[in-house]
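As structure tokens, the structure follows; a few thoughts come after it.
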Amino acid sequence: MEDLIPPGAASGTVPSDLDQAVGLERLEILGKIQGIDIFDMKPLDASRLGTMENPIMVKSAGEENYAGCTGYPADSHNVIWLTVSRSRPIERCPECGNVLKMEYIGPPDDPHAHDHHGYEEPKTFADYIRPEYRYR
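Here it is in structure tokens:
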């Protein structure tokens, strides 16, 4: 924990990023110093078109993730932001048909999580897409 809270710069000096960064920002800087990309910021695989049988994988430690599709071949259309989530892990780009699938790499579900709110989530247009057009 003490690695994530720096001692700070010496009095009368200008602090560097490493001297003043705390928390996740400091973790990222320390990781880069050691050659580790903490947040896996590499671009998605754009060497092929994702299909339902062989989608482009998007790793996520959270419940949902936003991924930008620029088409196949790359940059063939403007960025279209797609939302993949644990409940809807597969999304298809409406412009080029590229298919993305979320691979959840976060912590396992907590059986003691008490987030039952008792109301139905609002419907979106995606709720009315025929099931055969979605993932299998």
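Going letter by letter, the sequence shown gives residues 368 to 503 in my numbering. For every residue, glycine included, the Cβ atom is placed at its ideal position computed from N, Cα and C.
Cutoff 8 angstroms; reference residue i; Cβ partners in own chain excluding five residues on either side
i      : result
PRO422 : ILE457, VAL466, LEU467, LYS468
Close Cβ partners of residue i (< 7 angstroms) along its chain, the five nearest in sequence each way excluded
i      : result
ASP412 : ILE423
THR418 : VAL466
CYS460 : CYS436, ILE447, LEU449
Boundaries of the alpha helix (DSSP H) in which residue i is found, first to last residue
i      : result
GLY398 : 390-400
LEU385 : 384-387
Length of the line joining the Cα atoms of residue i and residue j
i      : j      : result
ARG455 : THR491 : 13 angstroms
PRO475 : GLY379 : 47 angstroms
SER354 : SER427 : Outside the displayed span of the chain (368 to 503) sits residue 354, for which this structure offers no information.
ILE396 : ASP407 : 13 angstroms
ALA500 : GLU420 : Correcting the residue identity first, residue 500 is Tyr in this sequence and not Ala. About 13 angstroms.
Spatially closest choice to residue i from the options, by CA coordinates
i      : options                        : result
GLU392 : ALA493, ILE405, GLY464, ILE496 : ILE405
VAL451 : GLY473, VAL425, ASP442         : VAL425
Segment limits, beta strand (DSSP E) that includes residue i
i      : result
LYS490 : Neither: LYS490 is in no beta strand (DSSP E) and is coded neither H nor E.
LYS468 : 466-471
LEU449 : 447-452
Contact set for residue i: own chain, Cβ-Cβ below 6 angstroms, skip 5 residues either direction
i      : result
GLU462 : HIS444, ILE447
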